[in-house]
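Heads up: the sequence shown begins at 11 in the numbering used here, then just goes up one per residue. Virtual Cβ for every residue (Gly too), placed ideally from N, Cα, C. Note that the structure is a prediction, hence the values are computed from the model and not measured.
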Amino acid sequence: MVNKKICESLNKAFLKVKLLRQDINKFKDNLEILLRITDKEINEKEEFHKNNLTTFLKDTYYSTNHYINTQDNNDLVIYNGKDINSKIGVIIETKRPNNTTEMIMSDKFNCKALQQLLLYYLRERITNNNFEIKYLIITNIYDWFVFRADLFERLFYQDKFLVKQFNDFQEKRLTSEKTKLFYESIAFNAINKVKLELKENCVNFNLKDYEKEEDLSLTLLYKFLSPQHLLKLPFANDSNSLDQGFYSELLHIIGLTEVKQGSKKLIERLPENKRYQGSLLENTIYQLDTYNKLDNLTNLSDYGNN
Numbered sequence: 011m012v013n014k015k016i017c018e019s020l021n022k023a024f025l026k027v028k029l030l031r032q033d034i035n036k037f038k039d040n041l042e043i044l045l046r047i048t049d050k051e052i053n054e055k056e057e058f059h060k061n062n063l064t065t066f067l068k069d070t071y072y073s074t075n076h077y078i079n080t081q082d083n084n085d086l087v088i089y090n091g092k093d094i095n096s097k098i099g100v101i102i103e104t105k106r107p108n109n110t111t112e113m114i115m116s117d118k119f120n121c122k123a124l125q126q127l128l129l130y131y132l133r134e135r136i137t138n139n140n141f142e143i144k145y146l147i148i149t150n151i152y153d154w155f156v157f158r159a160d161l162f163e164r165l166f167y168q169d170k171f172l173v174k175q176f177n178d179f180q181e182k183r184l185t186s187e188k189t190k191l192f193y194e195s196i197a198f199n200a201i202n203k204v205k206l207e208l209k210e211n212c213v214n215f216n217l218k219d220y221e222k223e224e225d226l227s228l229t230l231l232y233k234f235l236s237p238q239h240l241l242k243l244p245f246a247n248d249s250n251s252l253d254q255g256f257y258s259e260l261l262h263i264i265g266l267t268e269v270k271q272g273s274k275k276l277i278e279r280l281p282e283n284k285r286y287q288g289s290l291l292e293n294t295i296y297q298l299d300t301y302n303k304l305d306n307l308t309n310l311s312d313y314g315n316n
C-alpha cells in the first residue's frame, strides 16, 4: 500500500535516491520495537510514549546531527542543529494512543491537539521570531497528522485578527490567562475558518499499516520521517546541493585547491610543491609559456597584469 500523500509530498529528486539496505533494516527494526512497546504499554502516561518516540527518531535518524527534546510547553521538538542554540525545525504534539478525546481524527479535526499545536506554533513563530520551522506534527504513536509550516504561515501567521488575539492573550489583556480560553475561543474559531484547507493539505498515516509492508512503502515512510524531508536538508541527488566527492575530484583535475581565509573559502592554484603537469591548469600554463600563445593576443593588458 503506497500512501499517495506521502509520495506527493516528497521531493521528486529525493524519491529517486536509493537507500542503503542497512538503513532500511534499521528502520524496520526500530519501527517494530516502537510499535511492540506501544501495544504492550498502551495505557502508560503520555510521557512514557513520548520518550519511546524520541528514542525511535534518534536511533533511526537524528542522534548525530539534530537535538530532540521537549521545549517549554512544546511536547517534542526537533532542532535544525546539534543543540538548543539552533532554531527549532519541527514541532510535535504527542498524545497517548488511547486518548481519543484530545487526539485529532479525520472526522474530528478541530480538536484540542490541533488547538495546542496552533498555540505552540504561534509562540515559536511570533514570540521567538522563528522563521525556520519546517513541519508541525500531531501523533499518538500510531496515527500521524503532518502539516507544512508554510501552510500554517499562510493560514494563521498572516491572519492579522488571530495574531492580535494571540498577542492580547500572551500579554494577559483578555478575560482569562488560562490556555482553555485560547483553545476554545480563539484557536477553535481560527481553525474552523480554514479547516477544509488544513485537511486537504495534511499528510495522514498510521504506523501500524506498515508493520508488514513491502520495501517500497517502507522506503517512502523512511524518507518522509527523515531529516532530509522534515528539516529540508540537502541530499545526494539534490540539484541544489554539492556532491563533495565530485567537487574534490574536479578541483584535482583542474589543479586547484580550496583554502580558508578567515570565514571565507577561496579556490586557488595548488602550492608549487604540489602542482602536477597533468592538471588542466598546469598544462594550459605550459602551453601558453612554451609556444608564446599570449603574443597572439591584442590588447593583452586589458586582461590584467598577471
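ask   = Sorted by chain position, which residues of the same chain lie with C-beta nearer than 7 Å to L280's C-beta, five sequence neighbours on each side aside?
value = Numbered from 1 along the sequence shown, position 270 holds the residue referred to as residue 280. Around L280, the same chain offers G265, L266 and T267 as residues with beta carbons nearer than 7 Å, after the five sequence neighbours per side are excluded.
task = Assess, as a yes-or-no matter, whether the stretch 167–187 is touched by the stretch 223–240 under the definition of 3 or more beta carbon pairs within less than 8 Å.
result = The stretch 223–240 vs the stretch 167–187: no contact.
inquiry  = What residue range does the alpha helix (DSSP H) around I47 cover?
reply    = As a first step, residue 47 is located in the sequence shown; it is residue number 37 there, counting from the start. From DSSP, the alpha helix (DSSP H) with I47 extends over R31 to K50.
ask   = With a Cβ-Cβ cutoff of 7 Å, do E259 and V269 count as a contact?
value = In the sequence shown, the residue the question calls residue 259 occupies position 249. In the sequence shown, the residue the question calls residue 269 occupies position 259. For E259 and V269, no; Cβs fall outside 7 Å.
message = Going by beta-carbon coordinates alone, are R135 and Y167 separated by less than 7 Å?
response = Residue 135 sits at position 125 when you count from the first residue of the sequence shown. Residue 167 sits at position 157 when you count from the first residue of the sequence shown. Yes.
query = Rounded to a whole number of angstroms, what is the C-alpha to C-alpha distance between V218 and D153?
reply = Numbered from 1 along the sequence shown, position 208 holds the residue referred to as residue 218. Numbered from 1 along the sequence shown, position 143 holds the residue referred to as residue 153. Going by the sequence as given, residue 218 is Lys instead of Val. Spanning the two alpha carbons is a distance of roughly 8 Å.
task = Quick one: residues in its chain with C-beta nearer than 7 Å to the C-beta of L45, no 5 flanking neighbours on either side, listed in chain order?
result = Numbered from 1 along the sequence shown, position 35 holds the residue referred to as residue 45. Answer for L45: L217, K218 and E221, listed in chain order.
request  = Going by CA-CA distance only, name the one from K190, N138, E142 and Y131 that's closest to L5.
outcome  = No answer is possible for residue 5: it lies beyond the span of the chain, which begins at 11 and ends at 316.
query = For D93, which option in F176, D299, N138 and T80 has the closest C-alpha, if you only look at C-alpha atoms?
reply = The count along the sequence shown starts at 1 and reaches residue 93 at position 83. Comparing Cα-Cα distances from D93 to each of F176, D299, N138 and T80, the minimum goes to T80.
key: E112 versus K275 - alpha carbon distance   = Here residue 112 corresponds to residue number 102 of the sequence shown, with the count starting at 1. Here residue 275 corresponds to residue number 265 of the sequence shown, with the count starting at 1. Spanning the two alpha carbons is a distance of roughly 51 Å.
ask   = What is the rounded straight-line gap between the Cα of K170 and the Cα of T189?
value = Position 160 of the sequence shown, counted from the start, is the residue given in the question as residue 170. Position 179 of the sequence shown, counted from the start, is the residue given in the question as residue 189. Looking at the two C-alpha atoms, the distance is approximately 20 Å.
ask   = With burial defined as no fewer than 16 other Cβ atoms inside 10 Å of the residue's Cβ, what is the status of G99: buried or exposed?
value = Working through the sequence shown from its first residue, we reach residue 99 at position 89. Buried, by the Cβ-count rule.
query = Nearest to D225 by CA position, among L20, D33 and E18, is which residue?
reply = Position 215 of the sequence shown, counted from the first residue, corresponds to residue 225. Shortest Cα-Cα distance from D225 to any of L20, D33 and E18 involves D33.
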